[in-house]
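Heads up, the thing below is written out as C-alpha cells.
Protein chains: 2
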Amino acid sequence: MHSFEQLADLFKKRFETKHFPATPQSLYESCDYFLSIGGKRVRPVMCLMGNELFDEINPDAWYVATAIELFHNFTLMHDDIMDAAPLRRGMQTVHTKFGNNTALLGGDVMLVVAYDYLNKINNTYLHKVIALFNKTAREVCEGQQLDMDYEKQQSISLDDYIRMIELKTSVLLAASLQLGAILGGASEGNRQHIYEFGRNLGIAFQIQDDYLDAFGDPQKFGKDVGGDIRQNKKTFLLIHVLEAANSAQKKTLLQLMEENPADKVQRVLEIFKACNVDEWAWQLKQQYMDKAMQHLDAVAVVSSRKKSLMELANFLVQREH
Amino acid sequence: MHSFEQLADLFKKRFETKHFPATPQSLYESCDYFLSIGGKRVRPVMCLMGNELFDEINPDAWYVATAIELFHNFTLMHDDIMDAAPLRRGMQTVHTKFGNNTALLGGDVMLVVAYDYLNKINNTYLHKVIALFNKTAREVCEGQQLDMDYEKQQSISLDDYIRMIELKTSVLLAASLQLGAILGGASEGNRQHIYEFGRNLGIAFQIQDDYLDAFGDPQKFGKDVGGDIRQNKKTFLLIHVLEAANSAQKKTLLQLMEENPADKVQRVLEIFKACNVDEWAWQLKQQYMDKAMQHLDAVAVVSSRKKSLMELANFLVQREH
Chain P
1 MHSFEQLADL
11 FKKRFETKHF
21 PATPQSLYES
31 CDYFLSIGGK
41 RVRPVMCLMG
51 NELFDEINPD
61 AWYVATAIEL
71 FHNFTLMHDD
81 IMDAAPLRRG
91 MQTVHTKFGN
101 NTALLGGDVM
111 LVVAYDYLNK
121 INNTYLHKVI
131 ALFNKTAREV
141 CEGQQLDMDY
151 EKQQSISLDD
161 YIRMIELKTS
171 VLLAASLQLG
181 AILGGASEGN
191 RQHIYEFGRN
201 LGIAFQIQDD
211 YLDAFGDPQK
221 FGKDVGGDIR
231 QNKKTFLLIH
241 VLEAANSAQK
251 KTLLQLMEEN
261 PADKVQRVLE
271 IFKACNVDEW
281 AWQLKQQYMD
291 KAMQHLDAVA
301 VVSSRKKSLM
311 ELANFLVQRE
321 H
Chain G
1001 MHSFEQLADL
1011 FKKRFETKHF
1021 PATPQSLYES
1031 CDYFLSIGGK
1041 RVRPVMCLMG
1051 NELFDEINPD
1061 AWYVATAIEL
1071 FHNFTLMHDD
1081 IMDAAPLRRG
1091 MQTVHTKFGN
1101 NTALLGGDVM
1111 LVVAYDYLNK
1121 INNTYLHKVI
1131 ALFNKTAREV
1141 CEGQQLDMDY
1151 EKQQSISLDD
1161 YIRMIELKTS
1171 VLLAASLQLG
1181 AILGGASEGN
1191 RQHIYEFGRN
1201 LGIAFQIQDD
1211 YLDAFGDPQK
1221 FGKDVGGDIR
1231 QNKKTFLLIH
1241 VLEAANSAQK
1251 KTLLQLMEEN
1261 PADKVQRVLE
1271 IFKACNVDEW
1281 AWQLKQQYMD
1291 KAMQHLDAVA
1301 VVSSRKKSLM
1311 ELANFLVQRE
1321 H
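In order, the protein sequence lines correspond to chains P and G. According to the numbering used here, the stretch in the first sequence is residues 1 to 321, in order. According to the numbering used here, the stretch in the second sequence is residues 1001 to 1321, in order.
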C-alpha cells in the first residue's frame, strides 16, 4: 500500500513523458505547454488509490490514470477558452499564448490521446472502463454548460447548484476512484460505495473552497479573500444567503452586487455573518463529508487498506475550523 | 449486396434517432440541430460498404458507422468555429445560432457520444477499431491545424498541400472503409488495400473539387464558379500555377490576389489556362484515381463484390471531362 504522496510522486514521474507526436509542432506544442504548467494530479492518483484499495496495482491502472489526467487537462483547455481566462496557475492559458483555434484543436487532440491510453488496457475491463469514462465525460460537459447557463440567470436553487457542482467537479473524482476499483476486480456494491465516497467528497471540497474564499485566513488560504464576492460569482454561500436573507438584507446585497462599492467585500461578509452563512456552510460540508466517510466505511475490505483514502479525504476537506 | 443508394437509405433511417439526452437542453439542442442540417452520410456508408465487401453486414458495423458520422459532425462543428463560417448547407452554423461556447462544448460531447457507439461493439475487434478510429481522429486534427497554418503562409509545396488534404479529408474516408473491413474479418493485406483505395480516392475527389470550382460548368456544378479564386483560397490549382508560371505571370497573379479587381476570376483563369493548369489537374486526379482502382483490384475477393465500390468511386470522381 502506498500513501497519496508516494503515488503522486510515482505518477508524476511516469507522466513526464512525450504524450504527443513531434509534428505538426504548431498543434502539439500547445498540448505539451499546457501539461508543463503542472498540477496536483489528484484524479489519476485517486484512480491508483481506488485500484490499490482492492488489490496490488494493476499495470492497466497507470494507463487509465494517464487517460484521466489528459481528459481533465482537455476540459481545462476548453474551459479556459469559454471563460476567456488569461492565466492558469500563474501561467498564460493556451488560447492566450497560441490563439483560440489552436487551443480548441489542441484540446480535441488531447481528448483523443486520452482514449489512446484507455485502449491500451486489457480486454477484460475495456468495455466497462470506456463506458464509465464516456458517461463521466458527458456529465462534465453538461456541468460546464449548466455553469455557463447559471451565470446568466438571476437566481438558482441550491439543489440545481449542487447538481451542477456534482457534474462539473464531483463525478470525475468519483469515476477516477471507480475506474481504479473496476481494474481491481471490485464487486458492483463496492464500486458503488467508492463512487459515492468520491462524489460526496467532491461536493464537500467545493463547499469548503467557497467557504474559504469568504471566511478563510488569507495567510493560510494563500489567495486573496473575497475574490468570488467581488466578481458576484455564484457560490454555495451566495445562493444560500439569497434564500435566507430578509428582504432588507436581500435588497442591500443586490445593490452591492450591482454597484460594486470599494467596501463591497466587507459589507457582503457582514450580511453573510448576520445570516449565519458561515455556520450553515460548515455544517453542509460536514454532512457531505460524513456521507462520504459512511460510504468508505461500507466498502467491504479490511480497514487497514482504507488508510490512505481517509488521509486524502481529511487532507482535501478539513473537519475542524 | 447493396448499392450505395440502398445503404445510404438504410443508414439515414437508422441515424434518425435520438443520439443525445434531453437535458441540459441548452447543450444538446445544438447537437440535435447540427445533425438535422443533414448531409450525404458518405463516410458511414463507406464503412458499411467496406464491411459488405467481405461478408454479410456485421450488426456492429451500424454502430461504427454511426460513430464515424458523429465524429465527422464533431469536426465540422469545431471547424465552423475556427473558420468563423456563418452558414453550412444554407443553414446557420451552430456557433452562429447558439454562440461559440455552446458550439465548442456541443462538439466535445458529440465526440464522446461517438465513442459511446464504438463501445457498443463486440469485444473481438474493439481494440483494433478504437485504435484506427483514434489514429484517424488525431490525423484529422493535424490536417485542420496544417490547413490553418498554410492559409497564413505565402507559399506551400504541392507535396505539403497533398499531405494536408490527405490528413484533413482522405484518411477518414480510408478509415471508414477499413473499419468496415476489420468488422468483416478481412486479412491484413486486404485491409491495407481498401484503405489505400479510400486514401487515393479522397485525394482525387479533392483535386476534382478544386478543378470544378475553377473550370466547372456552373449549371452542373450547382455553385458559383470561381469562389476559391475570389477568396485566394489555396487549392491544387493555385499551388501548382505558382510553381509553373513564368515570372511575369506570377507577378500578375500575386497582384490580382492582393488587389481583388472586379475581373479577378476571369484574369486568374486566363493565367491558369495559359499554364495548362486544367490539363495538369485532370491528369493528377486521373493518377490518384488509377492508384485507387489498382488497390481495389488487388483486394482478394470476387470482383462481383466490388461492384458498388466501383460505382461509388465513379460517382464521386468522374473519369471523363
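For each residue, glycine too, the CB sits at the ideal point set by N, CA and C.
Euclidean distance between Cα positions of residue i and residue j
{"i": "E1188 of chain G", "j": "L1132 of chain G", "result": "13 Å"}
{"i": "P218 of chain P", "j": "D224 of chain P", "result": "6 Å"}
{"i": "Q208 of chain P", "j": "A281 of chain P", "result": "8 Å"}
{"i": "K273 of chain P", "j": "K120 of chain P", "result": "53 Å"}
{"i": "L76 of chain P", "j": "Y1028 of chain G", "result": "21 Å"}
{"i": "V42 of chain P", "j": "N1058 of chain G", "result": "42 Å"}
{"i": "D1055 of chain G", "j": "A1186 of chain G", "result": "9 Å"}
{"i": "S26 of chain P", "j": "V112 of chain P", "result": "17 Å"}
{"i": "K307 of chain P", "j": "L173 of chain P", "result": "18 Å"}
{"i": "I239 of chain P", "j": "L1183 of chain G", "result": "53 Å"}
{"i": "E1279 of chain G", "j": "A1245 of chain G", "result": "14 Å"}
{"i": "I271 of chain P", "j": "D263 of chain P", "result": "13 Å"}
{"i": "F1034 of chain G", "j": "Q287 of chain P", "result": "43 Å"}
{"i": "I162 of chain P", "j": "Q144 of chain P", "result": "13 Å"}
Environment of residue i [buried if 16+ CB atoms lie within 10 Å]
{"i": "L158 of chain P", "result": "exposed"}
{"i": "E1166 of chain G", "result": "buried"}
{"i": "R89 of chain P", "result": "exposed"}
{"i": "V302 of chain P", "result": "exposed"}
{"i": "K220 of chain P", "result": "exposed"}
{"i": "L177 of chain P", "result": "buried"}
{"i": "S3 of chain P", "result": "exposed"}
{"i": "L87 of chain P", "result": "exposed"}
{"i": "R1014 of chain G", "result": "exposed"}
{"i": "P1044 of chain G", "result": "buried"}
{"i": "Q206 of chain P", "result": "buried"}
{"i": "D213 of chain P", "result": "buried"}
{"i": "E1069 of chain G", "result": "buried"}
{"i": "D108 of chain P", "result": "buried"}
{"i": "T1017 of chain G", "result": "exposed"}
Residue nearest to residue i in terms of C-alpha spacing, selected from the options
{"i": "A1008 of chain G", "options": "G:M1046, G:S1303 and G:T1096", "result": "G:M1046"}
{"i": "L1309 of chain G", "options": "G:E1052, G:L1035, G:F1215 and G:P1021", "result": "G:E1052"}
{"i": "Y195 of chain P", "options": "P:I37, P:D297 and P:K40", "result": "P:D297"}
{"i": "P1024 of chain G", "options": "P:M148, P:S170 and P:L10", "result": "P:M148"}
{"i": "P79 of chain P", "options": "P:Q286, P:H95 and P:T66", "result": "The amino acid at residue 79 of chain P is misidentified as Pro; the sequence shows Asp. The option with the nearest alpha carbon to D79 of chain P is P:H95."}
{"i": "E1234 of chain G", "options": "G:K1152, G:A1061 and G:L1126", "result": "Inspection of the sequence shows that residue 1234 of chain G is occupied by Lys rather than by Glu. The residue with the shortest Cα to Cα distance from K1234 of chain G is G:K1152."}
{"i": "P1021 of chain G", "options": "P:L253, P:V129, P:C141 and P:D290", "result": "P:C141"}
{"i": "A1292 of chain G", "options": "G:L1238, G:E1279, G:G1216 and G:I1203", "result": "G:I1203"}
{"i": "L179 of chain P", "options": "P:D290, P:L105 and P:A65", "result": "P:A65"}
{"i": "N1200 of chain G", "options": "G:A1181, G:A1175 and G:G1216", "result": "G:A1175"}
{"i": "L1006 of chain G", "options": "G:M1049, G:S1036 and G:C1031", "result": "One detail in the question is off: residue 1006 of chain G reads as Gln in this sequence, not Leu. Of the candidates G:M1049, G:S1036 and G:C1031, the one whose C-alpha sits nearest the C-alpha of Q1006 of chain G is G:M1049."}
Neighbour list for residue i in chain G, Cβ cutoff strictly below 7 Å
{"i": "D116 of chain P", "result": "N1134"}
{"i": "M148 of chain P", "result": "N1101"}
Proximal residues of chain G, C-beta to C-beta of residue i below 8 Å
{"i": "N246 of chain P", "result": "Correct list: empty, because the minimum Cβ distance to chain G is about 33 Å."}
{"i": "P24 of chain P", "result": "E1142, Q1145, L1146 and D1149"}
Under 9 Å by beta carbon: chain G residues contacting residue i
{"i": "V109 of chain P", "result": "A1137, R1138, C1141, E1142 and Q1145"}
{"i": "V265 of chain P", "result": "Near V265 of chain P there are no residues of chain G at all, since even the closest Cβ is about 29 Å away, more than 9 Å."}
Element boundaries [alpha helix (DSSP H), containing residue i]
{"i": "Q1144 of chain G", "result": "N1123 to K1152"}
{"i": "K1291 of chain G", "result": "V1277 to A1298"}
{"i": "F1054 of chain G", "result": "No alpha helix (DSSP H) holds F1054 of chain G; DSSP gives it neither H nor E."}
{"i": "L1167 of chain G", "result": "No alpha helix (DSSP H) holds L1167 of chain G; DSSP gives it neither H nor E."}
{"i": "I229 of chain P", "result": "G227 to R230"}
{"i": "F1020 of chain G", "result": "Taken as a continuous stretch (DSSP letters only), F1020 of chain G belongs to no alpha helix (DSSP H), as it is neither H nor E."}
{"i": "K1013 of chain G", "result": "F1004 to F1015"}
{"i": "I271 of chain P", "result": "K264 to A274"}
{"i": "A313 of chain P", "result": "K307 to L316"}
{"i": "V1241 of chain G", "result": "F1236 to A1244"}
{"i": "V1112 of chain G", "result": "N1100 to L1118"}
Residue i CB to nearest heavy atom of the ligand ZN below 6 Å
{"i": "K97 of chain P", "result": "This structure lacks the ligand ZN; in fact it carries no ligand of any kind."}
Interface partners of residue i on chain P, CB under 7 Å
{"i": "A1067 of chain G", "result": "What A1067 of chain G touches in chain P: nothing, since even the nearest Cβ is about 11 Å away."}
{"i": "I1081 of chain G", "result": "L104"}
{"i": "L1027 of chain G", "result": "C141, E142 and Q145"}
Closer than 9 Å at the beta carbon, the chain P residues around residue i
{"i": "A1131 of chain G", "result": "D116 and N119"}
Cross-chain neighbours of residue i in chain P, by beta carbon under 8 Å
{"i": "N1123 of chain G", "result": "N123, L126 and H127"}
{"i": "H1078 of chain G", "result": "L104, L105 and D108"}
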